[in-house]
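Here is the structure we will look at.
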DNA sequence: ACATATTTGTACGTATGTATT
DNA sequence: GAATACATACGTACAAATATG
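Protein chains in written order, with the working numbering: chain A, 35 to 283; chain B, 35 to 283.
Dropping the structure here:
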């Protein structure tokens, strides 16, 4: 006789079983609104007692809920119901972060992480129509909507042309405005390419999002009215909080 | 004295430890090409011996690699190095699946899963400018590139107008061609909205992709030259195999 | 067609580490 | 420092899917 009793039920006769049942029960409770958004879920020991299951099953269930984006697990603090809101970001010939969000009655924001001169890799240099070796002004920033981080940008401005651009960038709260003050009244998006993938740990941290939830990675090139590239960059959007839209509203 | 010896090393003095180290070692081997793409990884017992670790640690490491999209784990068969290729899909005013892929020297394909009359929900009906209750021809299909599934489409054609459209759809291998034979020589994309998320189990199965890797979910509306909606639908793209691009090539 | 071995999945118990309160 | 809460880790046992003879 085995030392411990096993309870792996015969699979038939039961719709859900094991950790799947626990996850399902918790999911239904969350979706029914029985737990407030942002509130703490019961702790693992409590759930073990409630479902009469081992810690393995409880943790597997919670982990599954986190992967589905319903909860956020934090070591030493607890497990919390995940909150989410979705803003629409319009892609087009003239994408302007500020305007794009104002359309949606949403307060935009920006935090500049760094502005510095940097060497370019082949990919970016080609986008900016520069011969290697080349340098550019590299600007890294976070974009906010209603106080929540929604994107992380890295922008490159080709350097002979934008040598004195840094103060303008630092002083204004918008790239568009900085470009206007630099004498570029209009520019348009020349190229965009979008891949979907899971975030790196750094990106998940910067965007304050679950590592199991995807991001949009957008490579883009903007050109001035003459068609000269003035800006190449990469944007990471949080898929938890951003939807991309195209076409007339 | 404890019954078994514990080996949780003192954290300092060690760059990687535990399952993280195992995952790292395996990842480096895969990325260095020491394991062929599509080939089987060593089994769990072998890895346990090799790393001197428990099954827990080995399984945690493999699971982490699967989440990163590097391997695919199949019960009863083994763990395999995941293969991936990326096709570019051009979004624009006139997206044509077949042409879009041919540009890239890729062989397109299509498999129709179903064509039938169906009732519409409010969202789709609004897109098609129909008053509820409304019906439409519902077409479900898979899109292939070089023999691999890359998208899953559900299209709705408004019904009074497209009453006799079904045979055309069934006979041709392209929606564009079917529309042409029905007398619609040209149409354009009116609206597209894209969200990124993890696939449902059904979607993961249809697209033959990892459940931990994201998909693009695109809602779109096509209109004829007069501006009347002729097609509303939803496309699920596999982010593992599709990149969306906009702008001139 | 069937039995057997292999391989991954689920499950429980226990012990200890680490972060937060 | 103590208590709480999640993370990692080992050992064991059986289930389910697949491959093999």
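Quick reminder that beta carbons are idealized off the backbone N, C-alpha and C, glycines included.
- For the region 223-237 of chain B, residues whose beta-carbon sits nearer than 9 Å to a beta-carbon of chain A comprise 223, 224, 225, 226, 227, 228, 229, 230, 231 and 232.
- At a Cβ-Cβ threshold of 8 Å, residue 70(B) and residue 105(B) do not count as neighbours.
- At least one CB atom of chain B sits nearer than 8 Å to the CB of residue 279(A).
- DSSP places residue 116(B) outside both helix and strand once states are collapsed to three, so it counts as coil.
- Within 10 angstroms of the beta-carbon of residue 146(B) lie fewer than 16 other beta-carbons, which makes it exposed.
- Contact between the region 204-221 of chain A and the region 232-242 of chain A is not established, with fewer than three Cβ pairs separated by less than 8 Å.
- One thing to note: residue 187(B) has its Cβ within 8 Å of the Cβ of residue 269(B).
- Counting of Cβ neighbours within 10 angstroms places residue 68(B) among the exposed residues, the total staying below 16.
- Using a 10 angstroms sphere on the CB of residue 182(B), the tally of other CB atoms reaches 16 or more, which defines it as buried.
- A Cβ of chain A is located within less than 8 Å of the beta carbon of residue 125(B).
- In terms of Cβ geometry, residue 227(A) and residue 101(A) do not form a close pair [threshold 8 Å].
- Checking the DSSP bridge columns, you'll see residue 269(B) partnered with 187(B) and 252(B).
- Proximity to residue 218(B) across 236(B), 205(B), 199(B) and 124(B) peaks at 199(B), based on C-alpha coordinates.
- Secondary-structure assignment with DSSP links residue 171(B) through a beta bridge to 151(B) and 191(B).
- When the five nearest sequence neighbours on each side are left out, the beta carbons in the same chain lying within less than 6 Å of the beta carbon of residue 94(B) are those of 53, in order along the chain.
- Under the three-pair Cβ rule at 8 Å, the region 141-155 of chain B counts as touching the region 166-180 of chain B.
- With its beta carbon at least 8 Å from every one in chain A, residue 76(B) lies outside the interface.
- Checking the DSSP bridge columns, you'll see residue 226(A) partnered with 254(A) and 280(B).
- A Cβ of chain A is located within less than 8 Å of the beta carbon of residue 250(B).
- Beta-bridge analysis with DSSP links residue 213(A) to no other residue.
- Contact check for residue 237(B) against residue 249(B) passes: the beta carbons are separated by less than 8 Å.
- As the crow flies, the alpha-carbon of residue 139(A) is around 15 Å from that of residue 275(A).
- Each residue's CA atom was taken as its position, placing residue 253(A) and residue 221(B) some 28 Å apart.
- Residue 162(B) and residue 263(B) have their alpha carbons spaced roughly 5 Å apart.
- The DSSP-derived three-state label of residue 71(A) is coil.
- Counting C-beta atoms within 10 angstroms of its own C-beta, residue 251(B) has 16 or more neighbours from the protein chains shown and is therefore classed as buried.
- In this structure residue 243(A) is buried. Its beta-carbon is surrounded by 16 or more other beta-carbon atoms within 10 angstroms.
- Counting the other Cβ atoms within 10 Å of the Cβ of residue 194(A) gives fewer than 16, which makes it exposed.
- Residue 263(B) has 257(B) as its beta-bridge partners, per DSSP.
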